[in-house]
Amino acid sequence: MFLSLPNELKLQIVSELESALDTFNLARTCRTMWVVIDEKTIVKKDVAYQRVLVKQGWRAIAQQDNVPQPLVHLAIKSNVATERIEMMLDLFRDEFPNFLVSPQKLPWVSPLSVAIEHDRIDVVKLCLRKGTDISTDWVRYDHWRDFDPLHLALTLRRGSIAWLLVDEGAAVSHLMMYLAASGHFPKIVERIMSRLKAEGSFDESLLRIAIYSAVMEGNFEPKHAQREDVNSEVINILLREYSALPGERLKMDDMIMGCMYRAFSLRRNANLLHLWDIYARDHLRPGVAFRDTARYFARGDVGLEIIKELRVTYPRAVIDKETEEWTAGEELLLFAMGKYGEEDENPCSPRKNYKTIQYLLDAGCRFSAAHLERAALVDDVEMIDRIVESGVSANQYSVEYPEYTLLERALNQGRWYASFRLIHHGAIWIRSFPAIALPLRSKAARAFAPVDYEGKFDWPRKERFRSQGELSEFVVGMSSQTQPDKTVFAMGRTRGSFKTQLFTLFQLVLGVDFLDKPRSQPTGQDVLSA
1 MFLSLPNELK
11 LQIVSELESA
21 LDTFNLARTC
31 RTMWVVIDEK
41 TIVKKDVAYQ
51 RVLVKQGWRA
61 IAQQDNVPQP
71 LVHLAIKSNV
81 ATERIEMMLD
91 LFRDEFPNFL
101 VSPQKLPWVS
111 PLSVAIEHDR
121 IDVVKLCLRK
131 GTDISTDWVR
141 YDHWRDFDPL
151 HLALTLRRGS
161 IAWLLVDEGA
171 AVSHLMMYLA
181 ASGHFPKIVE
191 RIMSRLKAEG
201 SFDESLLRIA
211 IYSAVMEGNF
221 EPKHAQREDV
231 NSEVINILLR
241 EYSALPGERL
251 KMDDMIMGCM
261 YRAFSLRRNA
271 NLLHLWDIYA
281 RDHLRPGVAF
291 RDTARYFARG
301 DVGLEIIKEL
311 RVTYPRAVID
321 KETEEWTAGE
331 ELLLFAMGKY
341 GEEDENPCSP
351 RKNYKTIQYL
361 LDAGCRFSAA
371 HLERAALVDD
381 VEMIDRIVES
391 GVSANQYSVE
401 YPEYTLLERA
411 LNQGRWYASF
421 RLIHHGAIWI
431 RSFPAIALPL
441 RSKAARAFAP
451 VDYEGKFDWP
461 RKERFRSQGE
471 LSEFVVGMSS
481 QTQPDKTVFA
491 MGRTRGSFKT
501 QLFTLFQLVL
511 GVDFLDKPRS
521 QPTGQDVLSA
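Following this line, the structure appears as structure tokens:
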């Protein structure tokens with residue numbers, strides 16, 4: 001209805017509004033301020049009407065942290081034509097001389113920051129023509145300095161806008177170099193590098209961190225999806241510059257190995273293969289090439305061809321002269337099964353590396369208790385079956401923590417299906433029962449401990465049985481290798497319905513009588529050695 005009124009009446013209504021909030025509410029009744037920014041409305045023709053809105057309603061919108069935003073920001077976000085935005089900027093600048101560069105130095109108050117955020121390079125050029133200072137430091141929401149327009153453009157991966165700002169003389173720093181390297185912007189990297197050299201602030205440490213940034217690509221979380229596109233141009237530029245620095249070849253080897261380790265840890269497979277192709281294959285020392293490089297590629301099928309190449313290129317490094325066995329294969333097999341760090345909190349499944357594992361086995365590698373433990377920790381039932389069938393016993397102690405059995409390690413980490421499989425293959429569970437009962441979140445856990453057990457109940461409660469069905473399945477799995485005369489437990493005094501259910505379940509499945517006083521109590525060591 002408001003749109004159908006004569007222009008004079010609209011001006012009179014707007015001029016008599018007492019607050020900017022009234023102007024805002026009125027504009028919202030007209031399809032969210034299209035009365036201001038839509039080309040079909042009065043804004044295109046009536047400048048006086050715009051001036052009234054500028055005076056009374058330019059701070060009508062409140063957004064991040066209640067920081068007011070002018071109406072022109074809506075025009076930028078709504079892809080309004082550049083000519084219309086220029087007209088609005090002129091009107092705002094007449095009323096507020098410091099509008100293009102906010103005195104508060106908040107990035108979201110400046111039209112330039114809104115244009116960068118929404119990738120409006122036409123508006124960025126317009127702001128530059130209007131005299132916006134592109135080297136002004138802003139204050140971010142967390143009050144960090146050194147957040148200027150170039151920083152924002154590189155952080156948001158706005159390559160064309162970042163190149164325009166650098167070309168217009170925006171201030172550069174080491175941080176800009178890192179952001180450009182991680183963002184796949186080779187031309188911007190070269191330009192910033194040349195400017196830093198001219199300013200005398202370019203050094204070896206800066207170049208080293210820039211190379212690491214190019215390899216890691218700005219993402220420090222290994223859990224993120226792998227990038228298949230390689231940052232080859234930026235890596236080549238920076239490595240070419242690094243190789244020109246004075247120093248021995250050893251320094252370059254260390255740089256390459258550091259880059260490969262970072263690419264390996266963050267699963268940047270494309271960058272890892274690129275580093276191998278351009279330098280590591282032909283220049284790394286033999287010992288370094290095999291010892292530190294092969295394990296990087298053993299973790300995934302992407303490096304299978306390089307594993308084959310290393311075995312052919314460096315046979316003396318991997319073949320034991322006396323036994324004629326591939327001595328380094330066991331460690332590579334561990335990495336192929338998911339072990340890529342000392343604190344392996346997010347291991348990958350051996351299923352992803354089947355081809356590499358099969359090649360290592362065909363080459364003469366042999367499974368051991370360490371491989372069985374690794375398969376149990378990643379809950380890979382098929383690999384457990386395969387390792388046990390090769391002759392590795394499921395009833396033995398952990399390699400990493402000799403005070404625990406393999407079953408206890410699996411239970412400790414909440415790997416229930418792996419625990420089922422270990423018991424199926426003969427792992428004795430009597431000593432491990434406190435580890436089974438503790439995650440049940442029940443005081444009956446101590447009541448189920450074997451009489452002879454003298455350990456501490458301090459296993460972490462990472463996972464629990466989700467249902468009675470899972471508990472039943474676990475007990476059925478234990479019953480396949482349990483003897484009645486070795487399964488006598490002391491009945492505690494803890495009461496509760498869950499404890500009663502456990503007693504009943506064990507009596508039905510195992511045929512065990514729970515007595516106040518046990519008739520026999522075999523020791524854990526006797527059971528393990530049986």
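Each step along the sequence shown adds one to the number in the UniProt record's numbering, with nothing skipped, and position 24 is 24. From the three backbone atoms N, C-alpha and C, an ideal C-beta is built for every residue, glycine too.
Decide if residue i is buried, meaning its Cβ has at least 16 other Cβ atoms within 10 Å, or exposed.
i	result
Pro409	According to the sequence provided, residue 409 is Arg. The question's Pro does not apply to it. Looking at its Cβ environment, which holds 16 or more other Cβ atoms inside 10 Å, Arg409 is buried.
Arg145	In this prediction, Arg145 scores a pLDDT of 47, lower than 50, which makes its location untrustworthy; no coordinate-derived value is stated.
Asn395	buried
Arg262	buried
Glu403	exposed
Ser201	exposed
Pro111	buried
Ala376	buried
Asp148	buried
residue 536	Here the chain has residues from 1 to 530 only, and residue 536 is not among them.
Asn79	exposed
Ser113	buried
Tyr401	exposed
Ala81	exposed
Ser398	buried
Arg31	Because the pLDDT at Arg31 is just 46, under 50, the model does not fix this residue reliably, and the point stays unresolved.
Arg374	buried
Arg415	buried
Arg268	buried
His73	buried
Gly391	exposed
Gln358	exposed
From the options, pick the residue whose C-alpha is nearest to that of residue i; which is it?
i	options	result
Leu196	Tyr178, Arg120 and Ser182	Tyr178
Glu199	Ala171, Met260 and Ala210	Ala171
Phe185	Asn79, Ile237 and Cys127	Ile237
Glu389	Thr356, Met260, Lys355 and Gly426	Gly426
Leu150	Met176, Ser243, Met252 and Tyr279	Met176
His174	Glu190, Asp167 and Glu168	Glu190
Ile134	Asp167, Tyr242 and Asn271	Asp167
Glu382	Phe420, Lys130 and His73	Phe420
Met257	Val72, Ile211 and Val234	Ile211
Asp90	Trp163, His118 and Cys127	Cys127
Ala369	Glu83, Thr405 and Asp362	Thr405
residue 537	His118, Thr132 and Ser393	Residue 537 lies beyond the range of the chain shown here (1 to 530); nothing can be said about it.
Taking the CB atoms as reference points, tell me whether residue i and residue j lie closer together than 7 Å.
i	j	result
Gly183	Leu165	no
Gln418	Asp379	Rather than Gln, the amino acid found at residue 418 in this sequence is Ala. Yes, the pair counts as a contact, with Cβ atoms nearer than the cut-off.
Ile384	Phe367	no
Ala181	Ser213	yes
Arg158	Ile116	yes
Glu204	Leu245	yes
Leu372	Leu333	no
Val124	Ile161	yes
residue 532	Leu422	With the chain represented from 1 up to 530, any question about residue 532 goes unanswered, as that position is not in the structure.
Met260	Leu273	no
Glu75	Met87	Here residue 75 is Ala; the residue named in the question, Glu, does not match the sequence. No; because the gap between Cβ atoms is not below 7 Å, this pair is not in contact.
Ser243	Met255	no
Asn271	Val215	yes
Could you pull the DSSP bridge partners for residue i from this structure?
i	result
Tyr397	Thr405
Please tell me whether residue i has its Cβ less than 7 Å away from any Cβ of chain C.
i	result
Val124	No chain C is present in this structure, which holds just one protein chain.
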